[in-house]
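S.K.: Just dropping this structure here.
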Amino acid sequence: TKELQNYTLGHQVTKTYDFSASITVAIKEYCPDKLVLLGPGNTLGGSIGQIIVQNNWFDVDLKQGFLKLQRNKPYLISMGIEDQRKIVCLPTAK
2 TKELQNYTLG HQVTKTYDFS ASITVAIKEY CPDKLVLLGP GNTLGGSIGQ IIVQNNWFDV
62 DLKQGFLKLQ RNKPYLISMG IEDQRKIVCL PTAK
């Protein structure tokens, strides 16, 4: 339809995307056990960590609290970090 075409080729191309709002909605609406960053790398880890702190998610209100959470029971899993990838991936046969 014309509306879909206008949105896809207009709005999605010319308007800014509110990444913070999308992560905030995801954690508040779906309450996931873990957030998984698909990668490559871990470039969004810091940004998502800040969003978690801003929302006081899991009672984390400071960077130090977020780092403690990540050390003890990681909530934000990055597929770009091998030790974290093992949390969500089954071992593969060699």
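Here the sequence shown stands for residues 2 to 95, where the numbers follow our numbering.
Using N, Cα and C, we set each Cβ at its ideal position, and we do this for glycine too.
Assign I52 to one of three DSSP states: helix, strand, or coil.
M.R.: helix
S.K.: Going by beta-carbon coordinates alone, are L38 and G46 separated by less than 8 angstroms?
M.R.: yes
S.K.: Return the CA-CA distance between V26 and K64, expressed in angstroms with no decimal places.
M.R.: 21 angstroms
S.K.: With I28 as the anchor, note down where its alpha helix (DSSP H) starts and where it stops.
M.R.: From DSSP, the alpha helix (DSSP H) with I28 extends over 20 to 31.
S.K.: How would you label S23, buried or exposed, when you count the other beta carbons within 10 angstroms and need 16 or more for buried?
M.R.: exposed
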